[in-house]
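Before any comments, here is the structure.
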Amino acid sequence: MINMSMIRVSPKTLRQRIQVIDVPGLKSGDIKVHVEDYDVLVISGERKMKGDKEGAKYLRIETMVGKYMHKFVLLENANINVVSAVCQGGVLSVTVETLPPSQPKKLNTIEV
């Protein structure tokens, strides 16, 4: 299971940072990050049980195993061509660059 800790946007750096936590024991190869439909960031993967011994009976297993998927709707001005992800120390951080805000439309006066 993945728990989401925060989604924040830094106006100074024009980056949208999505930080996902609680991925202990997972490596970069266990996690897939991609963008679908031009505005949805998808984080998915699978956590497999390690050290399963044949014939062993378990009373309790504390580690969540199985497939997981989380989707985040990106900002309207997200630059989906500039996405980076880092998995370090059980923490997955995804950064999506944002495009500069578009200039507001000016009302033109038309002379008659």
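Just so it is clear: in the sequence shown, position 63 is 63 by the UniProt record's numbering, and no numbers are missing.
Backbone N, C-alpha and C define an ideal beta-carbon position, used for all residues, glycine too.
Bear in mind that the values here come from a model prediction, so they are computed numbers and not experimental data.
- Where G45 is concerned, the enclosing beta strand (DSSP E) starts and stops at V40 to R47.
- By the Cβ test, the segment 50-67 is not in contact with the segment 76-93, since fewer than three Cβ pairs between them sit closer than 8 Å.
- Ranked by how close their Cα comes to the Cα of R47, the residues I31, V86 and Y38 have I31 in first place.
- Linking P24 to T63 through their CA atoms gives a straight-line distance of about 10 Å.
- Check the Cα spacing between L75 and each of L26, L99 and S44: the tightest is with L99.
- For the pair H70 and S44, the Cα-to-Cα distance works out to about 6 Å.
- Distance check between G29 and each of Q88, S102 and D39 places Q88 closest, using alpha-carbon atoms only.
- Here G29 carries a helix assignment [DSSP, helix/strand/coil].
- Secondary structure of A85 (DSSP, three-state): strand.
- Within the same chain, and ignoring the five residues on either side of E36 in sequence, the residues whose Cβ sits closer than 7 Å to its Cβ are V42.
- At the C-beta level, V33 and A85 come within 8 Å of one another.
- For V73, the secondary structure class from DSSP, reduced to helix, strand or coil, is strand.
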